[in-house]
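Note sheet for the following structure.
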Amino acid sequence: MLSIESLSKTYADGTRALDGIDLAVRSAEIVALIGGSGCGKTTLLRLVAGLDRPSAGRIVLDGEAITRPHPGVGLVFQEPRLLPWLDVAGNVGFGIDGLPRRERAERVAHALERVGLAEHAGRWPRELSGGQQQRVSIARAFVASPRVLLLDEPFSALDAFTRKDLHSHLLALWEEVRPTVIIVTHDVGEAVALADRAIVMRPRPGRLDDTVALPLRRPREPAAPASEAATRTILAALDRSLRPREASRAPELAGGSSF
Amino acid sequence: MSSSPVALTPADEQPVPAASRRSAFLGGGARAALGLLLPLGLALGWEIAVAAGLSSGRLLPPPSRIAAALWALAASGELWMHVEATLIRVGLGFAFGASAGILAGALTATLPPLRWLVDPSLQALRAVPSLAWVPLFILWFGILETPKVALIAVGVFFPVYIGVAGAIASVDRKLVEVGRIFRLSRWALVRRILLPAVLPATLTALRTGLGLGFLFVVAAELMGASEGLGYLLLDGQQFSKPDQILAAIISFAVVGKAADAALVALTNPLVRWQDTARETL
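Protein chains in written order, with our numbering: chain A, 361 to 619; chain B, 5 to 285.
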């Protein structure tokens, strides 16, 4: 259980990136954070990852406050951020250096198998395509068996076909490890394809605006009527979030809108 | 490094085909031959011109005379003595200058107060042409080996210092964050992220430093030496032996190139992961 309690972040220059965020995410739930640019999605993710410190409020994972990078929390960045001097296997195993050599090799091999890159283990990152690199970075986060996996627009630089492929890889890994997942995206289709719940954020200052539950069976077909209806609901919520309004309602009050 | 990659399957050893495909246009041997064409052609032309009596070749001796001078120096063992003396000076100067440069560059790049304290002075010193130190070094250290090694070390120090400090300052924050996410300790962050990240630029700085080392060894040996390739140059000038001067110049070229090639060969395995334009340029 990951809970975010009245979390705020104001940057040194006075920018209020986040204001009073309250969110509880069940174990093994997939939550999509969606919203226009500048609504604090990435800031929120960096706070949960422990890379930045909040100005107010706190983040609690299974009763333990997160104030710096936590072993139970993994992060996949927007760019693959592979270390160019390590080969693919070395990159995947980067975060589990403390494990015995044998176990490390087994886990790396297994993770690479899962993302369909087993035959590329000895390659350099530069020899891979963008989609393959991002798969390596997802495998790198998964081998550490995180309880919470954060993804910051991980597929935004990829073409639609590659993205769909990566969605299935991600879900396959999720089925196996069952971490709590928070994925930041600006792609409504991606939220519908992956998430149990889509949370729409609004900017200036960043707040949670609306919640759309997505109780669809997996695997999901984007062309199915249920998916299309969900997409429309989220788009409408997004539209509302971009309209100026006096004060934001708390997502618990606003939430629950289904379709 | 303990994080050495784990080979998983033997079928993975596929080299990058890009380089070989490009050079298929002209094989490696053919390219080397093309590079030799110009100097060989000029040398042959000059040889013929002198042989035909078009020129006396007194000030610019033909290749055969230079080769003869080189051969005589080599046969008497004199050449090796000079090469050895020069190499020892460059080696010592490079070792001192490069270590000091790496240390100073690493410290000033990682400790801002130290940078504010030291960097302005070093930059000011860098603006002094290194040869200007010669009289002072002779006063301080006499005329034997110490001032020569000191001059070379000063020459090597600055490019290495600038290169290393710049490399550390430009390490990608995004890669450092990867280390933070996996909770690397300070030392592990240095060892597993910073060191490999600054390695390529550091090696380039070392190569520049080595080149300057050879530049300054000539200056150092011209200011008074009884052995060394620079001495051979000076001796050739004083006794009007252009063939000896050219023999010394050729030796410098060969020794300098060989030292550079050795440095590259020794360090290339460390940076073979690099994705550079080297193959395409």
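In this text, a Cβ means the ideal position worked out from N, Cα and C, and glycines have one as well.
Around the beta carbon of Asp-379 (chain A), a 10 Å sphere encloses 16 or more other beta carbons of the protein chains shown; the residue is thus reported as buried. Interface with chain B (8 Å Cβ-Cβ cutoff): Ala-583 (chain A) is excluded.
By alpha-carbon distance to Gly-566 (chain A), the top candidate from A:Glu-439, A:Trp-534 and A:Lys-369 is A:Lys-369. In the DSSP assignment, Asp-512 (chain A) is bridged to A:Val-544. Between the alpha carbons of Pro-43 (chain B) and Thr-522 (chain A) lies a distance of about 54 Å. Contacts with chain B at 8 Å (Cβ-Cβ) include Glu-439 (chain A). When DSSP states are grouped into helix, strand and coil, Lys-369 (chain A) belongs to the strand group. Note: Ile-394 (chain A) is bridge-paired with A:Thr-545 and A:Val-560 in the DSSP secondary-structure output. Of the candidates B:Lys-245, B:Pro-204 and B:Ser-230, the residue whose Cα lies closest to the Cα of Ala-89 (chain B) is B:Ser-230. For the options B:Gly-234, B:Ala-223, B:Pro-65 and B:Ile-172, the alpha carbon positioned closest to that of Pro-204 (chain B) is the one of B:Ile-172. In its chain, beyond the 5 residues on either side, Pro-204 have a beta carbon closer than 8 Å to the beta carbon of Gln-278 (chain B). Every alpha helix (DSSP H) stretch that sits fully inside the segment 142-218 of chain B and reaches 4 residues is listed by chain position as 149-173, 177-185 and 190-193. Cα atoms of Phe-161 (chain B) and Val-222 (chain B): separation of roughly 17 Å, rounded to the nearest angstrom. Between Ile-185 (chain B) and chain A, the shortest Cβ-Cβ separation is below 8 Å. At a cut-off of 8 Å, the C-beta of Leu-179 (chain B) has a neighbouring C-beta in chain A. Neighbourhood of Pro-429 (chain A) in chain B, by CB distance below 7 Å: Arg-184, Ile-185 and Arg-187, in chain order. Assignment of Ala-555 (chain A) by DSSP, reduced to helix, strand and coil, places it in the coil class. The beta carbon of Gln-127 (chain B) is closer than 8 Å to none in its chain, skipping five residues each way along the sequence. Taking all protein chains in view, the Cβ of Gly-31 (chain B) is surrounded by fewer than 16 other Cβ atoms within 10 Å, so the residue is classified as exposed. Secondary structure at Ile-419 (chain A): strand, using DSSP grouped into helix, strand and coil.
Residue A:Asp-556 holds the alpha-carbon nearest to the alpha-carbon of Val-391 (chain A) among A:Glu-588, A:Arg-603, A:Pro-575 and A:Asp-556.
Chain B places no beta carbon closer than 8 Å to that of Ala-499 (chain A), leaving this residue out of the contacts. Sixteen is the threshold: when 16 or more other Cβ atoms of the shown chains lie within 10 Å of the Cβ of Leu-83 (chain B), as they do, the residue is buried. Counting C-beta pairs with one atom in each stretch, the segment 262-275 of chain B and the segment 116-123 of chain B have fewer than three that are closer than 8 Å, which means they do not touch. Under DSSP, Arg-567 (chain A) shares a beta bridge with A:Arg-562. Lys-178 (chain B) and Ile-185 (chain B) have their C-alpha atoms roughly 11 Å apart. Secondary-structure assignment with DSSP links Ile-364 (chain A) through a beta bridge to A:Leu-383 and A:Ile-419. The residues Leu-421, Pro-506, Arg-507 and Val-508, in chain order, have a CB closer than 7 Å to that of Gly-432 (chain A) in the same chain once the five nearest residues on each side in sequence are set aside.
The C-beta distance from Val-275 (chain B) to Leu-207 (chain B) rounds to 6 Å, short enough to meet the 8 Å contact threshold. Ile-559 (chain A) and Pro-579 (chain A) have their C-alpha atoms spaced approximately 21 Å apart. Ala-589 (chain A) and Ala-573 (chain A) have their C-alpha atoms spaced approximately 12 Å apart. The beta carbons of Gln-494 (chain A) and Pro-440 (chain A) sit closer together than 8 Å. Between Ala-251 (chain B) and Ala-73 (chain B) a beta carbon distance of about 4 Å is seen, short of the 8 Å cut, so the two are scored as contacting. Taking CB atoms only, Phe-502 (chain A) has no neighbour in chain B less than 8 Å away. Close partners of Trp-50 (chain B) in chain A (Cβ separation under 7 Å) are lacking, with about 47 Å as the shortest Cβ gap.
Short of 7 Å from the beta carbon of Ala-532 (chain A), and not among the five residues preceding or following it, lie these beta carbons of its own chain, in chain order: Arg-474.
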